[in-house]
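Data block below; observations after.
Residue numbers (the working numbering): 12 to 199.
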């Protein structure tokens with residue numbers, strides 16, 4: 012329950028940053044899909060149920076705030092989650108690097124699926140321009156994903172929301188107990 016409380020606040024914060032703050036800081040062509048990056052990092056760091064629920068909420072938020080056909084983003088995000096969960100063990104073991112790569116690959120896959128679904132269902136998307144945009148968004152995910160993956164690893168650790176496997180990895184290997192030095196008593 013604590014995870015869903017913090018994730019709902021994070022979802023609102025990401026929406027505000029994505030729609031209000033980033034357009035004033037970066038040119039329109041350079042704005043990454045921050046919501047999807049954060050959601051895919053959450054998929055790596057959080058327990059599976061919380062991560063999947065957060066990705067679903069981000070897809071639903073993108074559908075509600077976007078101008079595209081309703082349901083495309085949510086479906087694209089859930090297909091992406093299904094693909095990423097098939098290789099879950101590898102990217103969870105990699106930690107922040109795995110979150111970075113999962114966020115980058117997932118961003119490219121979700122945007123590509125969104126364009127494909129739009130073309131299949133008759134949305135008015137220019138073919139080459141739409142796929143070029145997918146490439147640019149994936150490149151921005153590669154650039155902005157590494158610092159975001161590290162920052163959200165720290166944030167989720169601070170909140171106490173990390174997966175148990177990642178908590179053990181952050182602690183490091185168990186050390187053997189230290190032996191106490193005993194004083195030798197000289198016999199006379």
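Backbone N, C-alpha and C fix where the C-beta goes; we use that ideal spot for every residue, glycine too.
Computed from a predicted model, the values in this text were never measured in an experiment.
TODO: Quick one: give me the first and last residue of the alpha helix (DSSP H) that residue 65 is part of.
DONE: Here residue 65 is taken as the residue at index 54 of the chain shown, counted from 1. The continuous alpha helix (DSSP H) containing residue 65 extends over residues 59 to 76.
Open item on the list: Whether or not the region 76 to 85 and the region 55 to 63 are in contact is what I'm after, with contact meaning three or more pairs of Cβ atoms, one per stretch, closer than 8 Å; do they touch?
Closed with: Because the criterion of three Cβ pairs below 8 Å is not met, the region 55 to 63 and the region 76 to 85 do not touch.
Task: Endpoints, alpha helix (DSSP H) assigned at residue 181 - done: Translated into the one-based positions of the chain shown, residue 181 becomes position 170. In the DSSP assignment, residue 181 falls within the unbroken alpha helix (DSSP H) covering 175 to 182.
Open item on the list: Let me make sure I understand the geometry here. Which of 104, 23, 106, 154 has the alpha-carbon closest to that of residue 119?
Closed with: To locate residue 119, count along the chain shown from 1; it is residue 108. Answer by Cα proximity: 154.
- [ ] Please report how far the alpha carbon of residue 179 lies from the alpha carbon of residue 107, in whole angstroms.
- [x] Within the chain shown, residue 179 is the residue found at index 168, counting from 1. Within the chain shown, residue 107 is the residue found at index 96, counting from 1. Their backbone Cα atoms lie some 14 Å apart in a straight line.
- [ ] For residue 162, count neighbouring C-beta atoms within 10 Å of its own C-beta (all shown protein chains included) and say buried if the count is 16 or more, exposed if not.
- [x] By one-based count along the chain shown, residue 162 stands at place 151. The residue is exposed, with fewer than 16 neighbouring Cβ atoms inside 10 Å.
Task: Per-residue burial, residue 44 [other beta carbons within 10 Å of its own, 16 or more giving buried] - done: Here the question's residue 44 lines up with position 33 in the chain shown. Under this definition residue 44 is a buried residue.
TODO: Give me the Cα-Cα distance between residue 71 and residue 56, rounded to the nearest whole angstrom.
DONE: Counted from its first residue, the chain shown places residue 71 at position 60. Counted from its first residue, the chain shown places residue 56 at position 45. A direct Cα-to-Cα measurement between residue 71 and residue 56 gives close to 21 Å.
Open item on the list: With distance defined between alpha-carbon atoms, name the residue in 28, 58, 50, 84 nearest to residue 176.
Closed with: Position 165 of the chain shown holds residue 176. Considering only alpha carbons, the answer is 58.
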